[in-house]
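Written out below as structure tokens is the structure these notes cover.
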Amino acid sequence: MTRPIPILFAVVGWLAAATAIRADVSFAEVVRKTNPKIVKVYGAGGFRGITAYCSGVLISPDGYILTVYSPTLDTRELRVHLYDGTRHACELVAAEPQLDVALIRIKDRERFKDLPLEHFDLSQPPPEMKVGDWVLAFSNLFEIATRDEPVSVQRGVISAITPFAGRRGIHEAAYRGKAIIVDAITNNPGAHGGALTTRKGELIGIIGKELKNALSETWVNYAMPITELRDFALRAMRGDYKPLDRPETRQVVDKKPYHGLVLVPDILDRTPPYVEEVIPGSPAARAGLRPDDLIVFIRAPRPDSPGELEERVIASCKAFKETLAGLDPGMTIKVIVRRGGQLLSLDLTLEPPPPAATK
Amino acid sequence: MRHSIMRFAMLMRLVLAVGCLLQAASMTVSAKEDVDAALEQATKAALDRISPVVVQIRTVGGLEVVSGVRKGLGPTTGVIVDPDGYIISSSFNFASKPSAIAVSLPGRQEPLNAQVVAQDQTRMLTLLKVEANNLPTPAFVPKSEIRLGQWALAVGRTWADVYAGPPSVSVGIISAKDRIWGKALQTDAKVSPVNYGGPLIDLEGRVLGILVPLSPQRDDETAGVEWYDGGIGFAIPMEDILAVLPKLKQGTNLTRGLLGIRMKSRDQFSAPPVIGEVGPGTAAAKAGLLPGDLIIEVDGKPVSRYAQIQHILGVKYAGDRVSLKVKRGDQVLDFPNIELTGPPQATALAFLGILPMRDDPEAGVAVRYLFPNGPARQAGIRPGDRIVRLNDQPILNRLHLSQVVSRLAPQSEVTLDVKRKDADKTDKIKVRLAELTPELPEDELPEGTLKQALAPQQPLVLPGGGPGGQPRPGPMPQPRPMGQPPRPRPGRDKQPQPKPEVPKGVIQHTDPATGHAYWLYVPENYDPNISHGLIIWLHPAGDTMEQAMLRLWQDLCKKHHLILYGPKAENPTGWLTSEADLIREDLRKIAAEYTLDRSRIVTHGLGQGASFALYLAFDARDQVRGAAVFGGALPNLPRDLSGPPLSFFLVGGGRDPEIEAFRAVKPALEERKFPVNYRELPEHGNGYVTDPGVLRTLMSWIEGLDRI
Chain A
206 MTRPIPILFA VVGWLAAATA IRADVSFAEV VRKTNPKIVK VYGAGGFRGI TAYCSGVLIS
266 PDGYILTVYS PTLDTRELRV HLYDGTRHAC ELVAAEPQLD VALIRIKDRE RFKDLPLEHF
326 DLSQPPPEMK VGDWVLAFSN LFEIATRDEP VSVQRGVISA ITPFAGRRGI HEAAYRGKAI
386 IVDAITNNPG AHGGALTTRK GELIGIIGKE LKNALSETWV NYAMPITELR DFALRAMRGD
446 YKPLDRPETR QVVDKKPYHG LVLVPDILDR TPPYVEEVIP GSPAARAGLR PDDLIVFIRA
506 PRPDSPGELE ERVIASCKAF KETLAGLDPG MTIKVIVRRG GQLLSLDLTL EPPPPAATK
Chain B
708 MRHSIMRFAM LMRLVLAVGC LLQAASMTVS AKEDVDAALE QATKAALDRI SPVVVQIRTV
768 GGLEVVSGVR KGLGPTTGVI VDPDGYIISS SFNFASKPSA IAVSLPGRQE PLNAQVVAQD
828 QTRMLTLLKV EANNLPTPAF VPKSEIRLGQ WALAVGRTWA DVYAGPPSVS VGIISAKDRI
888 WGKALQTDAK VSPVNYGGPL IDLEGRVLGI LVPLSPQRDD ETAGVEWYDG GIGFAIPMED
948 ILAVLPKLKQ GTNLTRGLLG IRMKSRDQFS APPVIGEVGP GTAAAKAGLL PGDLIIEVDG
1008 KPVSRYAQIQ HILGVKYAGD RVSLKVKRGD QVLDFPNIEL TGPPQATALA FLGILPMRDD
1068 PEAGVAVRYL FPNGPARQAG IRPGDRIVRL NDQPILNRLH LSQVVSRLAP QSEVTLDVKR
1128 KDADKTDKIK VRLAELTPEL PEDELPEGTL KQALAPQQPL VLPGGGPGGQ PRPGPMPQPR
1188 PMGQPPRPRP GRDKQPQPKP EVPKGVIQHT DPATGHAYWL YVPENYDPNI SHGLIIWLHP
1248 AGDTMEQAML RLWQDLCKKH HLILYGPKAE NPTGWLTSEA DLIREDLRKI AAEYTLDRSR
1308 IVTHGLGQGA SFALYLAFDA RDQVRGAAVF GGALPNLPRD LSGPPLSFFL VGGGRDPEIE
1368 AFRAVKPALE ERKFPVNYRE LPEHGNGYVT DPGVLRTLMS WIEGLDRI
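Protein sequence lines correspond, in order, to chains A and B. So the first sequence is residues 206 to 564, counted in the numbering used here. So the second sequence is residues 708 to 1415, counted in the numbering used here.
So this is what it looks like as structure tokens:
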């Protein structure tokens, strides 16, 4: 007589639980659960295209926040607004300009002891991602939200996962790693530091600064994958992060490798790199290059892994000079030229500059 | 016990009922989740299916800036359309006119050399060919199956991973069909240089169309790029591309099919489609259409506005046919199967053989000079006579006459009403027009100005007739010299007019915002009542030659009423095409200050400046009437060469290392029916020509620029 009742509750309870699990993955639910993990960051700026605000993501229950490294963080007056509208003074813990990322924390972390904050747990490996995955972007772009207003959410798909040559004005972007390119217009003023998540709300990237793709002259919408930033974040939270070694300097020293090619005079914006003359007996002559060849690509060893060849388009005489200047004498490169309607690949071994050229 | 079993069964039923309810509630959520997951899966599957036909294209050389848009150097996308190596792409990707094009096929390590086979200039597509066969080709969606609101994926292959990895994707829907006068699909997927030339596909991986930038207003290769990633993207339906593919494969460039008419009203959305003008030699002229005809039916569809006609004609190519039904008076006439023509490649302008008197407020055109072999002289017109009507149309002034004549075909016969000098009578004279020649007037010409440029234009009053004579159907153009005060119109503020007191001599100007600089020489004898010619001096790379030019030109400017304007190139390496915009802006400013003669604005250059002078003459065709260059090479000519008269004065040095390129300029321009004066000085190199004989001839050429 009394037995059925508990069974009833058990069954109903089980069904309800199943419903709750499924309801988890609807966008509305994901957004509701993710919003408390995003903060609005306020700092220095408001001049020269640098906003005085950006976004950040909570990665600990006691107020550690991952965001993008920018001059906005360079102030004693740094503060964040949490989802509930509360304001908290913050301090910069660590920054890695090469990854364009920074860790900040709320100064008074005692207050969260009994009331832990919703946050993204970086101790778990992030989910796999693929081109075509649906994603959600959370950020306070254009400072549309203030205090307890939820940040803006956008939906898109992953367009590509690739490194790209970004630039802002004439400055090259610091971040050179792989980026998650999305097809929503996510990268707007103040969006940097926001979260890119899967459609289930798992963190996969931090939205980057506004950058132009140097190759297509168009603005890029991208996030830096959490896989690239996770090590920094975990170490910095433990307090044992050491900044990466800076590459010597980006300025390429011309090593003046000798090839024996004379190109046509460089007179246009983009003079096509036609060979005018091949010096007899030179490396170029031995490689089989001929006058009137048009240089299209050069494949040269990658600076970071010399075993691999990296292909570069030689779009102009200027590009030829710049590419060659960075190569070491002794290196064998592939020069791909157009001759008679065909592309030919020729092996060219660079030599040390002859005495006449070094005087 | 049995009782309890009964109760248990009842309870279970209740449980199941509640369970079903909850289940139903959860179903809507999981259904949503399933849809999301299914869409995500479908996107990836479609991407896998299309991937083998999406190629990456890279280019070498070419221009940095095209039509004011900085062109990226990066890779672009194309789609294989034929197993034998034919690839379709967006013309935007080749707007910089690259020297070499390399195509990387998915899965192949070695890039292939590609040749441009042909272009579809109406839909901004380019067909490439590589040496390859047995290539995969995509399935496509027929236009009739494309539905508004259906999913559409924009695919490109421009990101770093060239030889492996999936193409890039942006997800959207079909926003509209038959856009840009019926030519394109519209999508809200993000379309940009990152995927121009790539396919727009459906969720089954079939091609809907090829992504291109398009604009309803402009039709050059970079038009519409300003909308990139804006949620307004265009694609040319694949069905339409496949229909013209055989023609493109044969190397035929496809151009827009034109009737060659101009509407009476500029309002294309509400005014009735009445023909205002029929261009000489055009499809409409050959078919026998006349000004005043009201078009009532196009290809069997009734029309009442010009926009409707454009929707039908917009999709057609040169060589396609169109059938019209028009109303002429009370008659309804049929014009079946008119063959449309392409934009005119070479239009010879008609020539009357006179130089008009300038700065003349009286209605009509006073004859200043007659060309010895010109038709006007042979018909008995004499210096001092005044042409008051052409084919019964009243003539306002010389710019009006020039405009009217330039719209007539050479060899056409016109009737002029000529008011004789010193005699109070008007003769009707028949003249058969000739073709505009490069013939120069004599060295010593009678004074060319009546010095009343600022006087208001007088209305036309003829003996025996009312003012203005018979009105003609169609709008009467009312041109005025640049800077000449317009006649006051009711309800409008006065437009700026040249000031009586303006700075003279050498004037330096630098724009504080952009840093763009120019110098100006206004002769000390400048009089706002005399319209002045303008010489746009485009210096060679690295040297503005300001002092040398001033020494040579000061006296010439005074004698021939010329203003010398010398913009300075931003880079020591020479002019960039983007600087044309700055120069056009300067011209507007100068015209607002000084009385300029619109028919004698000339670009003049040396070396790289000469090439730029030739470029600018075409780029600012609405303002420039001539180019006088010492050396230089021909730029890419615009597609549509019709327009107001444009003359060339070319001087080459036999010892100029670039003389071969220069020699090619003359035949290229003559082939397109532009009047060219050419001379080569065997002993001269590539410096400025100071030979007094050549400069004197140059002055005669400038004097003759307003010939009609």
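Virtual Cβ for every residue (Gly too), placed ideally from N, Cα, C.
(message) Tell me the rounded alpha-carbon separation between Ala825/B and Ser797/B.
(response) 12 Å
(message) On the DSSP letters alone, give me the boundaries of the beta strand (DSSP E) that Leu397/A sits inside.
(response) At residue 397/A the sequence reads His, which differs from the Leu that was named. It is not in any beta strand (DSSP E) - His397/A carries neither H nor E in the DSSP assignment.
(request) Look at Gly1049/B and Arg963/B and say whether their C-beta atoms are less than 8 Å apart. (result) yes
(message) For a contact defined as C-beta to C-beta under 7 Å, what are the partners of Glu707/B on chain A?
(response) No information on residue 707/B is available, as it lies outside the stretch 708 to 1415 that chain B covers here.
(request) Tell me where the beta strand (DSSP E) around Gly781/B begins and ends. (result) Gly781/B -> no beta strand (DSSP E), and no H or E assigned at all.
(message) I'd like the span of the alpha helix (DSSP H) that includes Tyr427/A, first residue to last.
(response) It is not in any alpha helix (DSSP H) - Tyr427/A instead sits in the beta strand (DSSP E) that spans Tyr427 to Pro430.
(message) With a threshold of 6 Å on Cβ separation, who are the neighbours of Ser521/A within its own chain once the five nearest residues in sequence on each side are excluded?
(response) Arg475 and Thr476
(request) Measure how close the beta-carbons of Leu855/B and Lys884/B come, nearest whole angstrom, since I'm counting them as under 8 Å. (result) 7 Å
(message) Quick check: the stretch 371 to 381 of chain A against the stretch 346 to 363 of chain A, are at least 3 beta-carbon pairs closer than 8 Å?
(response) no
(message) Given a cut-off of 8 Å on the beta-carbon distance, is the pair Leu910/B and Trp858/B in contact?
(response) yes
(request) Report whether the distance from the Cβ of Val469/A to the nearest heavy atom of the ligand ATP is below 7 Å. (result) Judged by which ligands are present, the structure shown has none, so any question about the ligand ATP falls away.
(request) Examine chain B for any beta-carbon lying closer than 8 Å to the beta-carbon of Thr423/A, and answer yes or no. (result) yes
(request) Given a cut-off of 8 Å, decide if Val1111/B and Leu1123/B are closer than it, judged by their beta-carbon atoms. (result) no
(message) To the nearest angstrom, how far is the alpha carbon of Gly1175/B from that of Gln1164/B?
(response) Its pLDDT being 39, under 50, Gly1175/B is placed unreliably by the model, and the measurement read from it follows with that caveat. Approximately 13 Å between the Cα atoms of the pair.
(message) Restricting to Cα atoms, I'd like to know which of Gly493/A, Lys245/A, Ile409/A and Asn392/A is closest to Ile596/A.
(response) As displayed, chain A neither begins before 206 nor continues past 564, which places residue 596/A out of reach and without an answer.
(request) List the endpoints of the continuous beta strand (DSSP E) containing His324/A. (result) No beta strand (DSSP E) holds His324/A; DSSP gives it neither H nor E.
(request) With 7 Å as the C-beta to C-beta threshold (strictly closer), list the residues of the stretch 376 to 388 of chain A near chain B in chain order. (result) Ile386 and Asp388
(message) Once DSSP output is grouped into helix, strand and coil, what is the label at Pro560/A?
(response) helix
(request) Report the three-state DSSP secondary structure of Trp1226/B (helix, strand or coil). (result) strand
(message) Tell me which residues of the stretch 503 to 521 of chain A have at least one Cβ-Cβ distance to chain E shorter than 8 Å, keeping chain order.
(response) No chain E appears in this structure, whose protein chains are A and B.
(request) Check the C-beta distance from Val262/A over to Gly406/A and give it rounded, since I have them as a contact under 8 Å. (result) With a Cβ gap of about 12 Å, Val262/A and Gly406/A do not count as contacting.
(request) Using the Cα positions of Phe502/A and Arg381/A, report the straight-line distance between them to the nearest angstrom. (result) 22 Å
(request) Measure the C-alpha to C-alpha separation of Phe347/A and Ser1306/B and round it to an integer number of angstroms. (result) 51 Å
(message) Between Leu408/A and Phe325/A, how many whole angstroms is the CB-CB distance? I'm expecting something under 8 Å.
(response) 4 Å
(request) Would you list, in chain order, the members of the stretch 1318 to 1329 of chain B that have their beta-carbon closer than 7 Å to a beta-carbon of chain A? (result) none
(message) Taking DSSP's pairing of strands, which residues face Gln822/B in a bridge?
(response) Lys836/B
(request) Per DSSP, which residues does Phe1042/B bridge with? Please list them. (result) Leu1031/B
(message) So Tyr935/B contacts chain A; which residues on that side make the cut at Cβ distance below 7 Å?
(response) Thr423
(request) Taking Pro987/B as the query, report the chain A residues whose CB atoms sit under 9 Å from its CB, ordered along the chain. (result) Correct list: empty, because the minimum Cβ distance to chain A is about 39 Å.
(message) Against Gln359/A, what residues of chain B qualify as contacts under a CB-to-CB distance less than 7 Å, listed in chain order?
(response) Neighbours of Gln359/A on chain B: none; closest Cβ ~12 Å, over 7 Å.
(request) Could you list which residues in chain B have their beta carbon closer than 7 Å to that of Ala365/A, in chain order? (result) Trp866 and Ser875
(message) For Arg1370/B, report the span of its alpha helix (DSSP H) as first-last.
(response) Ile1366 to Arg1370
(request) Apply the 10 Å Cβ neighbour rule to Phe1356/B and answer buried if 16 or more other Cβ atoms are within range, or exposed otherwise. (result) buried
(message) Less than 8 Å between the beta carbons of Gly792/B and Ala749/B, yes or no?
(response) no
(request) Grab the span of the beta strand (DSSP E) containing Ile1297/B for me, first residue to last. (result) Per DSSP, Ile1297/B belongs to no beta strand (DSSP E); it is in the alpha helix (DSSP H), Glu1286 to Glu1300.
(request) Pair every Cβ in the stretch 1281 to 1289 of chain B with every Cβ in the stretch 1311 to 1320 of chain B, then say whether three or more of these pairs are closer than 8 Å. (result) yes
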